[in-house]
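Before any comments, here is the structure.
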Amino acid sequence: MNQNGRTNKQGDKLLKMPGKFDRGPVEFESRIVEQQGQVMGIATRDVIAVAQTATIINAVETMTTCGFRRLPIVDPGTRKMRGIVTASDIISLMGGGDRYSLVTVKNEGNLIAALNESVREVMSQQFISLTPMASIQDAINLIVEKKIGGVPILDDQGVLQGIVTERDLMRLFETERSMLTVEEIMSSPLRVIGPDSPISAVTREMVKHTFRRLPVVSDEVLFGIITSTDIVKYLGTGRVFDQLVTGDVSEVMALPVRDLMSGDLITTTPNTGITQASKEMLDKGIGALPVIENSRLIGLVTEFDLVKAFAGR
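Numbering-wise (the working numbering), the sequence shown opens with residue 516 and increments by one.
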């Protein structure tokens with residue numbers, strides 16, 4: 516009980532960080548050429564999608580297998596898009612937001628029963644989209660202004676034609692050069708959580724603050740990063756069922772966050788150029804880099820931060 520008390524207190528705090536942030540306006544060395552070509556030139560065209568009749572667990576398994584953070588929901592015959600399910604929707608289902616009522620109310624706490632509900636129960640029916648005639652600049656504007664990780668592309672009949680993501684834009688910026696450093700664009704200060712915090716604390720923090728990831732910190736030392744994708748994988752790989760005895764959701768939500776983190780911890784430094792940071796993230800297939808100075812976490816640079824910086828926003 517005492518240990519849990521300390522963990523929750525740490526998970527609630529803001530990590531105060533030193534740094535030199537009062538730099539005034541930034542002069543960009545280079546900017547992306549404002550291309551007016553088709554967004555389909557950089558989008559993924561062969562988009563994997565599932566029908567509304569698919570179960571939630573089927574959708575999550577597809578997201579896990581394909582490494583997706585978002586999955587379009589379409590009519591099987593016409594591929595007309597009906598909704599989209601994202602990692603954030605799954606986080607909400609797992610205790611972070613309003614979709615949790617599907618578990619606690621409709622299925623009386625039975626997680627297995629909830630996961631076998633139709634994906635339409637958790638998908639977002641209101642979504643932003645682009646047309647195939649949209650420009651790359653249109654995609655940048657939507658992703659930056661709406662703070663979303665990807666945008667589906669629909670024809671005038673609402674049929675899914677493709678999807679463009681932050682990572683697609685990052686690849687577009689690969690040849691760009693900037694004098695900006697990581698420190699000048701990183702997110703700071705950060706909300707953090709302790710390694711012994713339960714999954715339920717992580718999902719609540721992610722939904723409350725619309726985070727995709729949380730640094731895991733112990734005694735002001737970075738332990739790792741927990742992402743929404745880690746939680747999706749926890750379901751999609753079937754690991755969640757190893758924790759279930761009665762089927763009640765509380766059995767899995769009490770698992771410490773340290774048990775969900777995966778992969779090597781890759782970091783960067785505040786003086787690293789954003790061109791190098793971008794290349795590192797693309798090469799490693801990761802969405803964020805913790806920024807370390809003097810063995811301390813001082814910030815986080817994400818795909819979104821980099822897209823916004825390269826686009827001169």
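Even glycine gets a Cβ: it sits at the ideal position worked out from N, Cα and C.
Check: DSSP beta-bridge partners of MET596; Outcome: VAL589
Check: Inter-stretch contact at 8 Å, needing at least 3 Cβ pairs: the region 728-745 / the region 806-823; Outcome: yes
Check: C-alpha gap between LEU687 and ILE708, whole angstroms; Outcome: 34 Å
Check: Selected residue, minimal CA-CA separation from ILE643, among ILE627, VAL637, ASN622, ILE678; Outcome: ILE678
Check: Residues sharing a beta bridge with GLN553, DSSP; Outcome: SER650
Check: Where MET609 falls, given that 16 or more other Cβ within 10 Å makes a residue buried; Outcome: buried
Check: ILE746 (DSSP reduced to helix, strand or coil); Outcome: helix
Check: C-beta neighbour in chain D for LYS748, strict 9 Å; Outcome: No chain D appears in this structure, which consists of one protein chain only.
Check: THR577 and VAL589 closer than 9 Å at C-beta; Outcome: no
Check: Enclosing beta strand (DSSP E) for GLN676 [first to last residue]; Outcome: 675-680
Check: Boundaries (first-last residue) of the alpha helix (DSSP H) holding ARG719; Outcome: 714-724
Check: In DSSP terms, what PRO771 is bridged to; Outcome: PRO713
Check: Sufficient close CB pairs (3 or more, under 8 Å) joining the region 617-632 to the region 760-769; Outcome: yes
Check: Buried versus exposed call for MET638 [16 or more other C-beta atoms within 10 Å across all chains shown]; Outcome: buried
Check: Short Cβ contact (9 Å threshold) for ARG597 with ARG635; Outcome: yes
Check: DSSP-derived helix/strand/coil call for GLU623; Outcome: coil
Check: Per-residue burial, PRO713 [other beta carbons within 10 Å of its own, 16 or more giving buried]; Outcome: buried
Check: THR601 classed as buried or exposed, judged by whether at least 16 other C-beta atoms fall within 10 angstroms; Outcome: buried
Check: Three-state secondary structure (DSSP) of LEU645; Outcome: strand
Check: Selected residue, minimal CA-CA separation from LEU645, among THR680, ARG614, LYS823; Outcome: THR680
Check: Of the residues PHE726, THR696, THR744, ARG754, the one placed nearest ASP821, counting alpha carbons only; Outcome: The amino acid occupying residue 821 in the given sequence is Leu; Asp does not appear at that position. LEU821 has its Cα closest to that of THR696, out of PHE726, THR696, THR744, ARG754.
Check: Contact set for MET701: own chain, Cβ-Cβ below 7 Å, skip 5 residues either direction; Outcome: VAL806, GLY814, LEU815, VAL816, ASP820
Check: Identity of the residue in PRO667, SER693, ILE563, THR568 nearest ASN786 by Cα; Outcome: SER693
Check: Cβ-based burial, GLY539 [other Cβ within 10 Å; buried from 16]; Outcome: Confidence at GLY539 is low in this model, with a pLDDT of 35, below 50, so the placement of that residue is unreliable and no value is reported for it.
Check: Length of the line joining the Cα atoms of LEU586 and ALA574; Outcome: 8 Å
Check: Selected residue, minimal CA-CA separation from ILE557, among ARG614, LEU617, GLY665, THR619; Outcome: GLY665
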